[in-house]
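Chemist: My questions will all concern the structure given below.
Number of protein chains: 2
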Amino acid sequence: MSPLRFTNESSSNGMIERDFTLGDVPGVLWSPASGGDPAPLILMCHGGGNHKKHPAMSGRAQRFVTGCGFHVAVIDTPGHGDRPVTAHDEAEVAALFAARAAGEPEGPIVVRYNAHLAELAVPEWRATLDALQQLPEIGANGPVGFFGINMGTAIGVPLVAIEPRIKAAVFGQHWPDVLVDKAKQITIPIEFDMQWDDEHISREDSLQLFDAFASTEKTLHANSGKHKELPRFEADSAVHFFARHFGRPATSPA
Amino acid sequence: MSPLRFTNESSSNGMIERDFTLGDVPGVLWSPASGGDPAPLILMCHGGGNHKKHPAMSGRAQRFVTGCGFHVAVIDTPGHGDRPVTAHDEAEVAALFAARAAGEPEGPIVVRYNAHLAELAVPEWRATLDALQQLPEIGANGPVGFFGINMGTAIGVPLVAIEPRIKAAVFGQHWPDVLVDKAKQITIPIEFDMQWDDEHISREDSLQLFDAFASTEKTLHANSGKHKELPRFEADSAVHFFARHFGRPATSPA
Numbered sequence: 001m002s003p004l005r006f007t008n009e010s011s012s013n014g015m016i017e018r019d020f021t022l023g024d025v026p027g028v029l030w031s032p033a034s035g036g037d038p039a040p041l042i043l044m045c046h047g048g049g050n051h052k053k054h055p056a057m058s059g060r061a062q063r064f065v066t067g068c069g070f071h072v073a074v075i076d077t078p079g080h081g082d083r084p085v086t087a088h089d090e091a092e093v094a095a096l097f098a099a100r101a102a103g104e105p106e107g108p109i110v111v112r113y114n115a116h117l118a119e120l121a122v123p124e125w126r127a128t129l130d131a132l133q134q135l136p137e138i139g140a141n142g143p144v145g146f147f148g149i150n151m152g153t154a155i156g157v158p159l160v161a162i163e164p165r166i167k168a169a170v171f172g173q174h175w176p177d178v179l180v181d182k183a184k185q186i187t188i189p190i191e192f193d194m195q196w197d198d199e200h201i202s203r204e205d206s207l208q209l210f211d212a213f214a215s216t217e218k219t220l221h222a223n224s225g226k227h228k229e230l231p232r233f234e235a236d237s238a239v240h241f242f243a244r245h246f247g248r249p250a251t252s253p254a
Numbered sequence: 255m256s257p258l259r260f261t262n263e264s265s266s267n268g269m270i271e272r273d274f275t276l277g278d279v280p281g282v283l284w285s286p287a288s289g290g291d292p293a294p295l296i297l298m299c300h301g302g303g304n305h306k307k308h309p310a311m312s313g314r315a316q317r318f319v320t321g322c323g324f325h326v327a328v329i330d331t332p333g334h335g336d337r338p339v340t341a342h343d344e345a346e347v348a349a350l351f352a353a354r355a356a357g358e359p360e361g362p363i364v365v366r367y368n369a370h371l372a373e374l375a376v377p378e379w380r381a382t383l384d385a386l387q388q389l390p391e392i393g394a395n396g397p398v399g400f401f402g403i404n405m406g407t408a409i410g411v412p413l414v415a416i417e418p419r420i421k422a423a424v425f426g427q428h429w430p431d432v433l434v435d436k437a438k439q440i441t442i443p444i445e446f447d448m449q450w451d452d453e454h455i456s457r458e459d460s461l462q463l464f465d466a467f468a469s470t471e472k473t474l475h476a477n478s479g480k481h482k483e484l485p486r487f488e489a490d491s492a493v494h495f496f497a498r499h500f501g502r503p504a505t506s507p508a
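Listed in order, the protein sequences are those of chains A and B.
The first sequence begins at 1 in my numbering and counts up by one.
The second sequence begins at 255 in my numbering and counts up by one.
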């Protein structure tokens, strides 16, 4: 296993930000500035076309780190952020844009491309977790959560299905096609977000994927609005969800 | 309008509890012990077969009062708590128990009986709100919320449909039959709870009622589990929902 190497460190608003690489994979680890005993770790996967330090990632991280004292790690998915873009990535993104321009369904292309990315990303996430658990401020025995919507769910569902160290997960906003069979293997507590008026993913498809999880504790959050209109308060809800399961008080910005 | 009359006052855990009557209607008002400026009011309706001071009511009230500085009022529904039980109440409850014992569906009886109770209770709630808004610690202009599950939804949906002073509501766990047309008139923010494995109310029925609300902001919370297994964390979620809309910080017990 290649070692985790920190390449940069900065700090603001009570949060330490450390860039790292693990072999070819660039990542970021956000931690409480206060240091302290081993604390829970949230693995957060960015959405498609996005990257590890997108404001949606750093903004959520801030809530986990300063609200709960958790660590948050994000890595760039293959073809995203600081990763090289392959000819296959370019072709799939072009196919997606062409479908969009033609008013054709995006689902079949996104499902296929995300499944490909998940095959590459799942082993990277497991290696990242191996390496992060060697840090004394995280440790090998603390609780680990996973938080990923959209592409984050396409990668997270197959990851969580085979990764027993992950004890609670927030998923959502993806087609069921290739994920249902993996979801049936998942028994940890789940919070699942869908958009009630999603123009890309039908209600039936979202409900089918939620239904597939074998978890005895699972909660669906369906909000009015279109695909891109997931309310910001669902990030707070995710913080409360992990705080509840990992036994840390969460403060609400409400 | 008959005046609101306080009949008893006690205090514990930072919460003042005042029993009141408004004409024939007995109620309870829970308020912050600290007093202070006018604060939001949550009208909370108890479930069927239940009463105004059931632990589910006083427990939730504690969170609103000491967590957010809100007031919480509950009145006994006709045929419940300290209210007289009529021959009609007795007949309907007997019919419900008979259906239960025979393994027949409860829905048709509950829907019919709750619709009857709602006709009686809606004007009582409006008169209660009139009277409570005359108290200086509540006032006529502060935000008012409604929180009612099960029978609380059967009463709350027709109430909110005609009561413009109520600005946000938590509903859930009821059949759509007589409520859909009222729900279509409701445009305030809604949080709606359903049980994914409810043995009495089908998924389709719950989703139909949620779908009917005309609110641009509405959120469905569907939890795994049977009818009586609504998770306790949904009470916290309701607190966060009202705190978000009424601009008061909420502390989490998680």
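Idealized CB from N, CA, C, for every residue including glycine.
Nothing here was measured: the structure is a model prediction, and the numbers come from that model.
Measuring only the C-alpha atoms, how far is residue 283 of chain B from residue 483 of chain B?
Modeler: Cα to Cα, residue 283 of chain B sits roughly 27 Å from residue 483 of chain B.
Chemist: Would you mind reading off the limits of the alpha helix (DSSP H) that contains residue 182 of chain A?
Modeler: Run containing residue 182 of chain A: 180-183, per the alpha helix (DSSP H) assignment.
Chemist: Quick check on this structure: which residue in A:53, A:11, A:27 and A:52 has the alpha carbon closest to the alpha carbon of residue 35 of chain A?
Modeler: Comparing Cα positions, the closest option is A:11.
Chemist: When you check each C-beta in the segment 400-423 of chain B against every C-beta of chain A, which residues fall closer than 7 Å?
Modeler: Result list empty, no residue passes.
Chemist: Which residues, taken in chain order from the segment 179-193 of chain A, show a beta carbon closer than 8 Å to some beta carbon of chain B?
Modeler: Against chain B - using a Cβ distance shorter than 8 Å - the segment 179-193 of chain A contributes no residues.
Chemist: Going by the CB atoms, is the gap between residue 410 of chain B and residue 300 of chain B shorter than 9 Å?
Modeler: Cβ distance not < 9 Å, so residue 300 of chain B and residue 410 of chain B don't count as in contact.
Chemist: State the CB to CB distance for the pair residue 481 of chain B and residue 427 of chain B, rounded to an integer number of angstroms; the pair is presumed to be in contact (CB under 8 Å).
Modeler: Right, the Cβ-Cβ distance comes to about 7 Å (below 8 Å), so this counts as a contact.
Chemist: Residues in the same chain with beta-carbon distance under 6 Å from residue 176 of chain A, minus the five sequence neighbours each way, listed in chain order, please.
Modeler: So the qualifying residues of the chain are 205, 208 and 209.
Chemist: Is the Cβ-Cβ distance between residue 392 of chain B and residue 292 of chain B less than 9 Å?
Modeler: Yes, they are a contact pair.
Chemist: Using 8 Å as the threshold, is the segment 446-457 of chain B in touch with the segment 468-475 of chain B, meaning 3 or more CB pairs across them?
Modeler: Flag = yes, the segment 446-457 of chain B and the segment 468-475 of chain B touch.
Chemist: Can you list the residues of chain A that residue 486 of chain B reaches, using a CB-CB cut of under 8 Å?
Modeler: The premise fails here: residue 486 of chain B is roughly 10 Å from chain A at the closest Cβ pair, so nothing lies under 8 Å.
Chemist: For residue 66 of chain A, which residues of its own chain have a beta-carbon under 8 Å away from its beta-carbon, when the five flanking residues on both sides are left out?
Modeler: The residues are 13, 14, 15 and 32.
Chemist: So which of A:237, A:182, A:248 and A:211 has the shortest CA-CA distance to residue 119 of chain A?
Modeler: If we check each option's Cα against that of residue 119 of chain A, A:182 comes out closest.
Chemist: Would you kindly check if the distance between the Cβ of residue 25 of chain A and the Cβ of residue 83 of chain A is under 9 Å?
Modeler: Result yes, Cβ atoms of residue 83 of chain A and residue 25 of chain A sit closer than 9 Å.
Chemist: Cα separation between residue 422 of chain B and residue 5 of chain A?
Modeler: So the alpha carbons of these two residues sit roughly 50 Å apart.
Chemist: Please identify, using Cβ separations under 9 Å, the residues of the segment 463-488 of chain B that lie next to chain A, in order along the chain.
Modeler: Against chain A - using a Cβ distance shorter than 9 Å - the residues of the segment 463-488 of chain B are 464, 465, 467, 469, 470, 471, 472, 473, 474, 475, 476, 477, 478, 479, 485, 487 and 488.
Chemist: Of the residues that make up the segment 52-72 of chain A, which ones have a beta carbon closer than 8 Å to any beta carbon in chain B?
Modeler: For the segment 52-72 of chain A, which is checked against every Cβ of chain B, not one residue is closer than 8 Å.
Chemist: Would you tell me roughly how many angstroms separate the C-alpha atoms of residue 465 of chain B and residue 198 of chain A, rounded to the nearest one?
Modeler: Cα to Cα, the separation comes out at about 14 Å.
Chemist: Helix, strand or coil: how does DSSP classify residue 451 of chain B here?
Modeler: Of the three classes helix, strand and coil, the one that applies to residue 451 of chain B here is coil, per DSSP.
Chemist: Mind checking which residues open and close the alpha helix (DSSP H) that includes residue 222 of chain A?
Modeler: Per DSSP, residue 222 of chain A belongs to no alpha helix (DSSP H); it is in the beta strand (DSSP E), 218-223.
Chemist: Can you tell me which of the three DSSP states residue 378 of chain B falls into?
Modeler: Residue state, collapsed to three classes: helix.
Chemist: If residue 361 of chain B and residue 454 of chain B are in contact, beta carbons under 8 Å, what's the gap, nearest whole angstrom?
Modeler: Confirmed, Cβ separation roughly 6 Å.
Chemist: By a C-beta neighbour count over all protein chains shown, 10 Å radius and 16 as the cutoff for buried, is residue 346 of chain B buried or exposed?
Modeler: Result: buried.
Chemist: Going by other Cβ atoms of all chains shown within 10 Å of its Cβ, with 16 needed for buried, is residue 97 of chain A buried or exposed?
Modeler: Classification of residue 97 of chain A: exposed, given that the 10 Å Cβ count is below 16.
Chemist: Restricting to runs no shorter than 4 residues, where is the alpha helix (DSSP H) found entirely within the segment 86-124 of chain A?
Modeler: With a minimum length of 4 residues, the continuous alpha helix (DSSP H) runs that stay inside the segment 86-124 of chain A are 87-101.
Chemist: By the criterion of Cβ-Cβ separation under 7 Å, what are the contact partners of residue 354 of chain B in chain A?
Modeler: Those do not exist, as residue 354 of chain B stays about 26 Å from chain A at its closest Cβ, beyond 7 Å.
Chemist: For residue 68 of chain A, verify whether its CB is less than 8 Å away from any heavy atom of the ligand ADP.
Modeler: This structure does not include the ligand ADP; it has no bound ligands of any sort.
Chemist: In three-state terms, what does DSSP make of residue 253 of chain A?
Modeler: Residue confidence for residue 253 of chain A is low, a pLDDT of 45 falling below 50, so the modelled location carries little weight; the figure read from the coordinates is stated next. Three-state DSSP puts residue 253 of chain A in coil, outside helix and strand.
Chemist: What distance in whole Å lies between the Cβ atoms of residue 115 of chain A and residue 154 of chain A, which are believed to be in contact at a cut-off of 8 Å?
Modeler: Correct: roughly 7 Å between the Cβ atoms.
Chemist: Between the segment 412-421 of chain B and the segment 387-401 of chain B, do three or more beta carbon pairs fall short of 8 Å?
Modeler: Touching, yes, given that three or more Cβ pairs across the two stretches are closer than 8 Å.
Chemist: Would residue 255 of chain A pass as a contact of residue 162 of chain A if the rule is Cβ separation under 9 Å?
Modeler: In the structure as shown, chain A starts at 1 and stops at 254, and residue 255 of chain A therefore has no counterpart that could be examined.
Chemist: Distance, Cα to Cα, residue 367 of chain B vs residue 302 of chain B?
Modeler: If you take the alpha carbons of residue 367 of chain B and residue 302 of chain B, they lie about 10 Å apart.
Chemist: Quick one: complete beta strand (DSSP E) runs, 3+ long, within the segment 403-429 of chain B?
Modeler: Fully enclosed beta strand (DSSP E) runs of 3 or longer: 420-426.
Chemist: What does the alpha-carbon distance come out to for the pair residue 213 of chain A and residue 478 of chain B?
Modeler: Those two C-alpha atoms are separated by around 10 Å.
Chemist: Specify the secondary structure class of residue 321 of chain B as computed by DSSP and reduced to three states.
Modeler: Three-state result, residue 321 of chain B: helix.
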